[in-house]
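So the sequences go chain by chain: A and B. The numbering used here puts the first residue of the first sequence at 65, with every later residue one more than the last. The numbering used here puts the first residue of the second sequence at 462, with every later residue one more than the last. Quick notes on the structure that follows.
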Amino acid sequence: MLKKGDLFIVLIVIIMIAVSFVGVSIFRGREDDGHKTALIIRDGKEIRRIDLDAVDEPIEITVDGDYNNTIIAEKGRIRFMEADCPDKVCVDTGWLYKTGDMAVCLPNKVMIKIEGKSQDIDIVTY
Amino acid sequence: MSGVKKIVLLGLLISQALVLSIIESWIPIPMPVPGVKLGLANIITVTVIVFFGFREALTVMTIKCVLSSIFGGGGWMLFLFSFSGGLLSTVVMSGLYKAGRDKFSIIGISIAGAISHNIGQLLVAAFFMQDLAVAFFLPLLLVSGCIMGFFVGVISSFLINALKNTKLY
Numbered sequence: 065m066l067k068k069g070d071l072f073i074v075l076i077v078i079i080m081i082a083v084s085f086v087g088v089s090i091f092r093g094r095e096d097d098g099h100k101t102a103l104i105i106r107d108g109k110e111i112r113r114i115d116l117d118a119v120d121e122p123i124e125i126t127v128d129g130d131y132n133n134t135i136i137a138e139k140g141r142i143r144f145m146e147a148d149c150p151d152k153v154c155v156d157t158g159w160l161y162k163t164g165d166m167a168v169c170l171p172n173k174v175m176i177k178i179e180g181k182s183q184d185i186d187i188v189t190y
Numbered sequence: 462m463s464g465v466k467k468i469v470l471l472g473l474l475i476s477q478a479l480v481l482s483i484i485e486s487w488i489p490i491p492m493p494v495p496g497v498k499l500g501l502a503n504i505i506t507v508t509v510i511v512f513f514g515f516r517e518a519l520t521v522m523t524i525k526c527v528l529s530s531i532f533g534g535g536g537w538m539l540f541l542f543s544f545s546g547g548l549l550s551t552v553v554m555s556g557l558y559k560a561g562r563d564k565f566s567i568i569g570i571s572i573a574g575a576i577s578h579n580i581g582q583l584l585v586a587a588f589f590m591q592d593l594a595v596a597f598f599l600p601l602l603l604v605s606g607c608i609m610g611f612f613v614g615v616i617s618s619f620l621i622n623a624l625k626n627t628k629l630y
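Written out as structure tokens, the structure is:
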């Protein structure tokens with residue numbers, strides 16, 4: 065059933081997969097300095113920034129919009145807890161705990177991602 | 462083919478695509494990445510491209526997207542999301558089919574279609590989230606598109622061969 069040109073398609077696809085894997089892993093590695101900051105972004109605008117290393121009591125955040133999302137942040141991790149959107153992909157993503165982890169609620173245009181770079185200085189070395 | 466027959470057949474195909482996309486939404490997928498899906502409705506898109514052509518495939522795909530987001534309750538965002546993927550994959554698959562049906566098999570065309578579907582979705586997601594970070598999902602989307610495109614291609618070639626024997630089209 066397969067034909068000659070299929071080899072060409074498969075080759076291009078394999079190259080694309082390899083390039084994207086390498087690109088993503090380089091990008092992830094560059095941002096990581098062991099410090100975890102969670103960003104909650106809606107409509108391209110940052111609405112909340114949480115230093116995950118400094119969270120002691122779980123924080124609950126509600127995001128309104130076309131739909132509603134409930135986000136829970138604990139020490140070192142964050143997730144979409146509840147959503148009333150139809151697909152629930154964001155809730156199924158589960159906990160985010162590594163730098164570069166990301167959960168997206170497309171219907172509500174909300175995104176959580178974990179960045180490695182700490183924004184404010186919390187350690188001073190001499 | 463007469464106009465009435467064409468309308469009837471395309472109507473049937475649209476309803477089949479719709480049923481497939483609704484059934485697909487009931488099947489849980491263990492990969493919580495937005496955009497990873499089975500793509501069963503692509504079986505119909507491929508079939509329409511083979512038996513009718515680009516314009517008919519585009520029509521079927523568009524109507525299917527409108528209806529499935531009304532029935533599925535996805536709203537504007539999910540409509541745009543599936544439409545963008547559908548548009549790009551229909552263009553790519555018709556292009557490949559026209560360029561060389563003797564060079565590319567239905568399976569190859571379907572893999573290319575699935576991958577361009579995922580890329581189209583990702584572009585729209587990046588646009589609406591205004592964040593290129595969604596490109597992190599690209600490797601997983603490409604791999605899943607490749608696997609699902611293969612299976613959809615196998616099913617489509619069985620379907621197309623069977624339909625050719627019916628002499629309905």
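Cβ coordinates follow ideal geometry from the N, Cα and C atoms, glycine included.
Asked	Found
Name the chain B residues that come within less than 7 Å of G98(A), Cβ to Cβ?	None at all; the shortest Cβ gap to chain B is about 19 Å.
Return the CA-CA distance between I142(A) and I105(A), expressed in angstroms with no decimal places.	14 Å
Looking at chain A, is there any beta carbon in it that lies within less than 7 Å of the beta carbon of L481(B)?	no
Give the DSSP-derived three-state secondary structure of I185(A) in the structure shown.	Since pLDDT at I185(A) reaches only 46, below the 50 mark, its modelled position is unreliable, and the value read off the structure follows with that caveat. It is coil, neither helix nor strand.
Are the C-beta of L103(A) and some C-beta of chain B separated by less than 7 Å?	no
At a CB-CB cut-off below 7 Å, which residues of chain B make contact with L75(A)?	Result: empty, since nearest Cβ-Cβ is about 11 Å, beyond 7 Å.
How would you list, in chain order, the residues of chain B whose beta-carbon sits under 8 Å from the beta-carbon of I81(A)?	P600, L603, V604, C607
Helix, strand or coil: how does DSSP classify A137(A) here?	strand
When the Cα of G239(A) is compared with those of S84(A), Y161(A), D148(A), N172(A), which residue comes out closest?	Residue 239(A) lies beyond the range of chain A shown here (65 to 190); nothing can be said about it.
Would you say D184(A) lies against chain B (beta-carbon separation less than 7 Å)?	Low per-residue confidence applies at D184(A): pLDDT is 48, beneath 50, and the placement is therefore not dependable enough to give any value.
Strictly by DSSP, which residues pair up with F144(A)?	I135(A)
What's the gap between the Cα of I570(B) and the Cα of C154(A)?	31 Å
Measure from the alpha carbon of I136(A) to the alpha carbon of each residue in D151(A), P150(A), C149(A), Y161(A), then state which is nearest.	Y161(A)
Let me know if M462(B) comes out buried or exposed under the rule of 16 or more other beta-carbons within 10 Å of its beta-carbon.	exposed
Report yes if the CB atom of S555(B) is closer than 7 Å to the CB atom of I490(B), and no otherwise.	no
Does the Cβ of A623(B) lie closer than 6 Å to at least one heavy atom of the ligand ZN?	No copy of the ligand ZN occurs in the structure displayed, which carries no ligand at all.
What do you get for N626(B), buried or exposed, if any count of 16 or more other CB atoms within 10 angstroms of its CB means buried?	exposed
Do you know how far the Cα of G464(B) is from the Cα of D156(A)?	46 Å
Do P600(B) and F91(A) come within 7 Å of each other at the CB atom, strictly closer than that value?	no
For a contact meaning CB atoms closer than 7 Å, what does K625(B) contact in chain A?	Neighbours of K625(B) on chain A: none; closest Cβ ~14 Å, over 7 Å.
Of all the CB atoms in chain D, is at least one closer than 7 Å to the CB of K152(A)?	This model lacks chain D altogether; the protein chains it does include are A and B.
Starting from the beta carbon of G180(A), find every residue of chain B whose beta carbon is closer than 9 Å, and list them in chain order.	Result: empty, since nearest Cβ-Cβ is about 13 Å, beyond 9 Å.
Taking I176(A) and K100(A) to be in contact with their CB atoms under 8 Å, please state how far apart those CB atoms are, rounded to whole angstroms.	No, I176(A) and K100(A) are not in contact; Cβ-Cβ is about 12 Å, not under 8 Å.
Excluding the 5 residues preceding and the 5 following D184(A) in the sequence, name in chain order all residues of the same chain whose CB lies nearer than 8 Å to its CB.	Caution applies to D184(A), whose pLDDT of 48 falls short of 50 and renders its modelled position unreliable; the model cannot decide the point.
Please work out which residues of its chain come closer than 8 Å, Cβ to Cβ, to A147(A), disregarding the five sequence neighbours upstream and downstream, and give them in chain order.	Y131, N132, N133, T134, C154, V155, C169, N172
Which chain B residues sit within Cβ distance under 7 Å of P171(A)?	G535, G536, M538, L539
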